[in-house]
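Numbering (this note's numbering), first residue to last: 47 to 430.
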């Protein structure tokens with residue numbers, strides 16, 4: 047009755063947790079939700095009547111030009127013809143999976159990696175090749191070895207404030223990754239949803255800007271810097287790939303929400319936009335530091351972590367060898383939600399790690415939630 051693909055269909059744990067976390071008395075560190083008070087106020091006055099009609103599949107030219115201008119500033123000299131507007135950047139993962147993945151196609155990912163990418167690529171039958179992360183990016187010796195031995199069709203990387211680990215690749219690692227991809231002619235899928243949320247000095251030059259010959263796809267979104275509910279995102283890619291993405295987009299949903307594109311273009315090209323980004327960085331920087339202080343106070347003997355230089359997450363590794371998944375329900379019972387580590391790995395394993403988001407909860411709730419979560423872990427260890 048159903049396609050064989052359905053046997054590989056996975057649910058999203060973060061969506062399931064967020065359904066519980068929406069309770070008014072729940073402190074949620076689970077999702078990557080922007081703070082409502084940090085979102086810009088969108089003004090739809092002046093919206094052209096013509097945007098109520100069907101639009102171009104590739105997206106409005108004026109938004110694609112604005113995106114191309116921003117990417118060019120960041121070292122990726124593209125034009126509007128290299129840009130496709132998406133209904134959320136996760137649509138880009140879906141289109142890429144349709145373009146590249148057959149049953150048992152080797153796909154290289156970081157370990158850990160973005161859980162929705164695992165969900166998406168798994169659906170199309172990917173065989174995952176994991177490469178471990180260091181504080182500076184992927185383990186380069188392991189990466190080179192697996193590029194040679196496994197010959198992945200593409201590699202999916204999140205170089206800037208990686209989700210979930212918060213790692214930001216350093217300059218030397220970015221260059222070496224680019225060199226390896228050129229050498230082995232592997233397609234790079236570079237996902238950068240958090241690149242504007244930077245709090246400490248670090249290298250953020252996209253890896254695709256360093257490639258000389260390897261094909262590439264670069265994903266970006268306005269969900270973390272503007273309004274996630276609009277679902278306006280984009281991809282830019284090597285010119286040889288765009289005709290395929292264009293047709294896949296047509297087959298998916300014809301085109302992205304035109305009113306949302308107009309609102310994002312108005313914000314992106316406004317004189318206010320740089321000040322908005324600066325305020326956003328300062329706002330989340332303070333929240334990051336509040337969570338860092340709470341972790342120092344309550345988790346110093348429970349876990350190890352690195353303060354992320356940007357993004358929205360802390361990645362904790364418990365000192366005890368316990369499954370963090372088993373802590374989830376006791377934490378929810380105490381009205382604190384978090385993401386256990388297991389779903390962030392492409393291959394099945396037990397994980398003693400957990401991801402904590404600091405953007406959504408208020409400062410006092412961050413302190414309260416971290417304290418409560420530490421109490422849950424201590425109680426679990428005492429009962430073991």
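Built from N, CA and C at the ideal position, the CB exists for glycine as well.
Pair within 8 Å by beta-carbon distance, residue i and residue j
| i | j | result |
| --- | --- | --- |
| residue 150 | residue 173 | yes |
| residue 154 | residue 122 | no |
| residue 160 | residue 231 | no |
| residue 415 | residue 73 | yes |
| residue 191 | residue 205 | no |
| residue 307 | residue 111 | no |
| residue 78 | residue 403 | yes |
| residue 417 | residue 71 | no |
| residue 384 | residue 419 | yes |
| residue 401 | residue 351 | no |
| residue 141 | residue 295 | yes |
| residue 169 | residue 54 | yes |
| residue 271 | residue 132 | no |
| residue 300 | residue 291 | no |
| residue 240 | residue 356 | yes |
| residue 359 | residue 84 | no |
| residue 374 | residue 386 | yes |
| residue 336 | residue 423 | no |
| residue 217 | residue 246 | no |
| residue 175 | residue 196 | yes |
| residue 298 | residue 134 | no |
| residue 427 | residue 366 | yes |
| residue 252 | residue 213 | no |
| residue 109 | residue 288 | no |
| residue 243 | residue 327 | yes |
| residue 283 | residue 128 | yes |
Integer Cβ distance of residue i from residue j, believed to fall under 8 Å
| i | j | result |
| --- | --- | --- |
| residue 273 | residue 88 | 6 Å |
| residue 235 | residue 201 | 7 Å |
| residue 392 | residue 164 | 5 Å |
| residue 340 | residue 364 | With a Cβ gap of about 16 Å, residue 340 and residue 364 do not count as contacting. |
| residue 435 | residue 257 | Limits of the chain in this structure are 47 at one end and 430 at the other, which puts residue 435 out of reach. |
Span of the alpha helix (DSSP H) around residue i
| i | result |
| --- | --- |
| residue 248 | Neither: residue 248 is in no alpha helix (DSSP H) and is coded neither H nor E. |
| residue 329 | 319–344 |
| residue 166 | 161–169 |
| residue 138 | 135–146 |
| residue 232 | Run containing residue 232: none; DSSP gives neither H nor E here. |
| residue 191 | 186–196 |
Residue i: CB within 7 Å of a non-hydrogen atom of the ligand ADP
| i | result |
| --- | --- |
| residue 406 | Ligands are entirely absent from the displayed structure, and the ligand ADP is therefore not among its contents. |
Three-way DSSP call (helix, strand, coil) for residue i in this model
| i | result |
| --- | --- |
| residue 128 | helix |
| residue 363 | strand |
| residue 376 | helix |
| residue 412 | helix |
| residue 103 | coil |
| residue 300 | coil |
| residue 306 | helix |
| residue 73 | strand |
| residue 275 | helix |
| residue 78 | coil |
| residue 180 | strand |
| residue 47 | coil |
| residue 289 | helix |
| residue 349 | strand |
| residue 389 | helix |
Start-to-end residues for the beta strand (DSSP E) that takes in residue i
| i | result |
| --- | --- |
| residue 262 | 262–267 |
| residue 401 | 399–403 |
| residue 83 | First-last for residue 83: undefined, no H or E at that position. |
| residue 55 | Where residue 55 is concerned, there is no enclosing beta strand (DSSP E), given that its DSSP letter is neither H nor E. |
| residue 202 | 200–203 |
| residue 152 | 152–157 |
Residue i classed as buried or exposed, judged by whether at least 16 other C-beta atoms fall within 10 angstroms
| i | result |
| --- | --- |
| residue 399 | buried |
| residue 354 | buried |
| residue 405 | buried |
| residue 396 | exposed |
| residue 184 | buried |
| residue 238 | buried |
| residue 346 | exposed |
| residue 136 | buried |
| residue 388 | buried |
| residue 100 | exposed |
| residue 425 | exposed |
| residue 117 | buried |
| residue 198 | buried |
| residue 65 | exposed |
| residue 310 | buried |
| residue 334 | buried |
| residue 211 | buried |
| residue 370 | buried |
| residue 104 | buried |
| residue 372 | exposed |
| residue 45 | This structure leaves residue 45 out entirely; the chain is present only between 47 and 430. |
| residue 266 | buried |
CB contact check: residue i to chain D, cutoff 8 Å
| i | result |
| --- | --- |
| residue 90 | The question asks about chain D, but that chain is absent: this structure has only one protein chain. |
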